[in-house]
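In our numbering, the protein residues as written are 8 to 235.
Heads up, the beta-carbon is just placed ideally off N, CA and C, and yes, glycines get one too.
Written below as structure tokens is the structure these notes are about.
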Amino acid sequence: MKPIIFCDFDGTITETDNIFSLMTEFVPVESEKIAQAMMEQTISFKDGLSAMFHLLSTHQKDEVIQYLMESAVIREGFGDFARYAQNNDIPFYIVSGGVDFFIEPLVEKFGPFSGIYCNRADFSGKQIELIYPNSCDDECAKYKTQGCGCCKPSVMRKVAKEDHYKIVIGDSLSDFEAAKLADIVLARDHLIQRCEELHVPYRPFTTFHDCLKIVQELVESKEAVVTR
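Right under this line is the structure:
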């Protein structure tokens, strides 16, 4: 089978969750209640994310972007991991509930990637509005898993072929529905706990050097075969 990679961004490619970092910096009191409701799953990720960004004025655009460019830390080994995928013709998709205005510039120097699927920001009004171009599909409606904003399972169903060996890399609850579709999950933080609770096979990682070692082992064992 041919390997294909689906990788989260916030808290996975970066050391921390950039959205929560941003909200803590600019609107800590107002965003805390929204964040808590999202964690308790009393509101959907999509609704919570929209509500958070609506707390920010578009006049803060330059300040917000500068803060994220200066504070975001790319996880160790990501450049080597991305280069390995490129050199071995392994499709590599970034699939994130984050937003284009900080994801795309932060990963640009590590590309090209097979695709970047994320939410988009609209700065044309008074408050920052989010646009969700990667919505849930009919399968999500069937299993009542709608409301994620950028729907990772829908992206996987659209992109992956039957002969693909699906590698999902993530850290949070928002990655779990995608993890269910994976042939192997590389997990850290909350995703580890969720995989253990529901008995989804995974391999833990701390840096992308760990991820690289695992993928190399898969390719060398011919469990996931690279074809040129």
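With DSSP as the reference, please indicate the residues paired to residue i in a beta bridge.
i, result
"S64", "Q134"
"C14", "I101 and I176"
"K220", "Note: K220 sits in no beta bridge, so no partner."
"L193", "I176 and R210"
"I129", "Checking the sequence, you will find Asp at residue 129 rather than Ile. In the DSSP output, where bridge partners are listed per residue, D129 has E136."
Would you call the CB atoms of residue i and residue j closer than 9 angstroms?
i, j, result
"I138", "D129", "yes"
"M59", "V36", "no"
"F183", "R201", "yes"
"K173", "L188", "yes"
"P14", "V102", "A small correction: the amino acid at residue 14 is Cys; Pro does not occupy that position in the sequence shown. Their beta carbons are under 9 angstroms apart, which means C14 touches V102 by this criterion."
So for residue i, helix, strand or coil by DSSP?
i, result
"T19", "coil"
"D6", "As displayed, the chain neither begins before 8 nor continues past 235, which places residue 6 out of reach and without an answer."
"V106", "strand"
"L188", "coil"
"I26", "helix"
"I41", "helix"
"A89", "helix"
Decide if residue i is buried, meaning its Cβ has at least 16 other Cβ atoms within 10 Å, or exposed.
i, result
"M163", "buried"
"R90", "exposed"
"G86", "exposed"
"P160", "buried"
"S131", "exposed"
"L63", "buried"
What distance in whole Å lies between the Cβ atoms of residue j and residue i, which are believed to be in contact at a cut-off of 8 angstroms?
i, j, result
"T21", "G177", "Actually they are not in contact, since the Cβ atoms of T21 and G177 sit about 12 angstroms apart, beyond 8 angstroms."
"I123", "E136", "At roughly 20 angstroms, the Cβ-Cβ gap does not stay under 8 angstroms, so I123 and E136 are not in contact."
"R82", "F215", "6 angstroms"
"G156", "F16", "Contact flag wrong, Cβ pair sits at about 13 angstroms."
"I50", "F109", "Not confirmed; about 23 angstroms, so no contact."
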